[in-house]
Amino acid sequence: MILYDDKGLEIFDKITYDKDYYLTNAEIEVLQNNSDELVGKYVKDGDVLVELGAGAMRKTKYILDAITKAGRKITYYAVDLAEASLRQSLEPLAATYPSIKFVGLWGTYHDSLSWIQKNQHNARKLFLWLGSSIGNLTRKEGADFLLNVRNTAMRDGDLFLCGIDKRNSFETVSLAYNDRSGLTRDFAMNGLVNINNIFKYTVFDPSNFMYVSIYNEADGRHEAYYESTKDQTVEFREEKVSVHLKKGELINFEYSYKYSPDEVCELIQGAKMSDLGKWTESKNLYSVHMFYRSPIYFDTKVGVGEQKLPTIQEWKELWKASDAITTVIIDPSRYMNKPISLRHPYIFYLGHLPAFLDIQLSRAVGSEPTNKYFAEIFERGIDPIMEDPSKCHSHSKVPTVWPKVQEILDFTAGVRNRLELLLQEGNLTKKQIRAMTMCFEHEALHMETLLYMFMQDKPISDFSLFPVPIFEPLAEEITPASWVKVKGGDFKMGLNDFESKDNDPNSPAVMFGWDCEVPEVSSSVKPFEIQHRPVTVREYLDFLVAVNFQEDLVPSSWIKVDGEYLVRSIYGPVSLKHTGLWPAATSQVQAMAYAKHHNCSLPTEEQLSFIKNTSNSSSLNYTHSFKTLHPQPVILKSNQVENIVGNGWELTSTVFYPFEGFEQSKIYPGYSSDFYDDKHYVVLGASWATIPRIAHRKSFRNWYQPGYPYVFSKFRLVRNT
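Numbering (our numbering) for the sequence shown: 3 to 723.
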């Protein structure tokens, strides 16, 4: 109301052309250079584009050009409060772009989002929010605004393009909001003139105020003020209110928030969206991000602290994610595929997840499984010894003909309904709470199994719910990892959660841990040095060059296409030009060979656990819990150990064995005991496909055979001091 009257709009338009105000030109550069890719990846015939706060749409032109060039037929909605501006902007565009249907939505964001939801519910939508408009809100308000858009007007697979200014240098930001031409000052002071026009008398005498621009680097925001140049009184006649201002007193009228990479991640999490990546202009001052509403969402705050029984809402999030993996990412036509010879085909896991839940619920309540045949064939899968696949732990009989898919899906629905009823009834015993929590984590772990199996299969075929990310180019040289000195000392590993005490009414509530995590034990490590980050794809490539691409050292996470090695993803192979900073996902044997080549070793379980349990090592939430469906680039420079939790399971040199005082689980006897065989090694942390309650639990232990090459893994080197 105050800043953007006709005169204010005129001045602001001039500001956007001023070279000191870098934001507009930076955003224009991004859209000029990347609109063809944007449209090619994310805009299809029949889609709806919605621009929030359209204004003159000077920057949108590049997207419209790309849509026309690609021959797309879409509907474009422009949202704005100014009817005259909307008409003035849209009418010439309709003539210039005849394949695009232009519609003006005159009203507030809230009104427009509600209208879009009601009238374009079934259309795939791409929202545009440009001009760093998000900076006008606090970071909490920005996340809440995006969350409102998500909940009000977006379906799974819908997209949100957002311009975000970075935390740039003091000089750069200060000049942008206090330009040498004085345009920003004129824009601000016109606001006082407009207030007087609104009231139709002089409330603020502009000659008694000056514009003050402050870049608050600590909070990452520019602050705009009117400063009173004298002691004075401001009067509002109708309300009979007088405000006394002292000389030098400031009136804040605008904040413009800037974002660090971590703050962008927090923004996305607060909005319950996922990140597809960003485009950045040549000076690296400004980025345009593509967010989307994913079918897979987990609240990363769940699982921090006490491990409570998953709520029905958590179960529904889990099932939605599980269904997205088994019915969208893995097309039903592939259910008989067996991408990994050491595993069953996909269809086994489709039946295994509900059958395991049904079996455990039945045992917990003292009844028989609801489908005895499914219990016979789906209770337990296979994990044969790689050197001799004829040797395998006890497992369910393998049928000659698997059940029909619809029969399995109907069974799944029934078992889920059974669990919901038990949760609604309440008054659960500790045994039942343990069984349910175990089944929750069991299904989550198998979601990851299915994904790394799928990674060895053909890429996803339907991108409507899982759009292809923006894989950024490898822009900078890979600096060597820092060596961090760890003093070592005494610490605790494991968790005191004894299943044997569940029948004791005086025992503590269930603090769930698998039997291999129990009990808590004392441990100690000597001083050592460890790399601050994992080994990267690019570094592992250099190693392969040095050993002449020895065949058994090439990771299964890579694939050779037309003579070039690419990194596998659910979207298909990705060039090493884009994945060079991803952590190298290898088998433990391959990681050991890399370590030996560099006269180092892999860390022990105790060394990694010491860091996890005693240090403030960084564990950013966006590297686990499905925030992205691929690894993130490593942090290149740091003086601390970064991201043991997330981005891949950390490989160790420790053989998988129980802690002293181990008690075998009675409800799942073979969970860990069958693998205490000198043929499995501990992995710790979490991958991008690990749910929060597992990723956050410091005691969680996982394990794989050393030659098993399919894990979402990473590794770093250690050396003794």
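C-beta atoms are modelled at their ideal positions from N, C-alpha and C, and glycine is treated no differently.
Between the CA atoms of V304 and L311 - distance to the nearest angstrom: 11 Å
Candidates V713, Q707 and W321: closest to M455 by CA position: V713
Burial state of V563 (16 or more Cβ within 10 Å): exposed
Validate contact between the stretch 401 to 412 and the stretch 345 to 365 using beta carbons, cut 8 Å, 3 pairs: yes
Spatially closest choice to S640 from E522, Y6, L88 and P482, by CA coordinates: P482
Nearest to E644 (by Cα), restricted to the options T656, S617 and F661: S617
The stretch 547 to 559 touching the stretch 522 to 532, judged by at least three CB pairs closer than 8 Å: no
Touching by the beta-carbon criterion (3+ pairs, under 8 Å), the stretch 45 to 64 and the stretch 129 to 142: yes
Inter-residue spacing [alpha-carbon to alpha-carbon] between P708 and P510: 37 Å
Whole-angstrom C-beta distance between A178 and D22, which should lie under 8 Å: 6 Å
I327 and L452 closer than 8 Å at C-beta: yes
Start-to-end residues for the alpha helix (DSSP H) that takes in H346: Here H346 belongs to no alpha helix (DSSP H), and DSSP marks it neither H nor E.
Top-ranked residue by Cα proximity to P386, from E378, I379 and S396: S396
Span of the alpha helix (DSSP H) around V266: P263 to A273
Cα-Cα separation between V400 and A437, rounded to whole angstroms: 25 Å
Test item: CB-CB of L359 and C441 under 8 Å: yes
Environment of E237 [buried if 16+ CB atoms lie within 10 Å]: exposed
Pairwise C-alpha distance: T329 and S335: 9 Å
Neighbour-count burial assignment, K280, 16 or more Cβ in a 10 Å radius: buried
Outcome for S209 when other beta-carbon atoms lying within 10 angstroms are tallied against a minimum of 16: exposed
Own chain partners of M191 with C-beta closer than 7 Å, once the 5 adjacent residues on each side are dropped: P208 and Y213
Helix, strand or coil at F129 [DSSP, three-state]: strand
6 Å Cβ shell around Y596 - same chain, five flanking residues per side excluded: F545
Close Cβ partners of E667 (< 7 Å) along its chain, the five nearest in sequence each way excluded: Glu is not the amino acid found at residue 667; the sequence shown has Ser there. Hits under 7 Å: E501, D517 and Y673.
Limits of the unbroken alpha helix (DSSP H) element including T451: K432 to F456
T235 classed as buried or exposed, judged by whether at least 16 other C-beta atoms fall within 10 angstroms: exposed
Candidates L578, F189, S701 and D459, of which the one nearest N615 by Cα: S701
Cα-Cα separation between V720 and E522, rounded to whole angstroms: 25 Å
V636 and T538 closer than 8 Å at C-beta: yes
Terminal residues of the beta strand (DSSP E) in which Q34 lies: Note, Q34: premise wrong, no beta strand (DSSP E); alpha helix (DSSP H) at Y24 to Y44.
Length of the line joining the Cα atoms of H354 and K716: 28 Å
Test item: CB-CB of T154 and Q122 under 8 Å: no
Touching by the beta-carbon criterion (3+ pairs, under 8 Å), the stretch 190 to 204 and the stretch 241 to 249: no
Same chain, Cβ closer than 6 Å to E256, five either side skipped, listed in chain order: A226
Short Cβ contact (8 Å threshold) for V81 with S114: yes
Extent of the continuous beta strand (DSSP E) to which W560 belongs: W560 to V563
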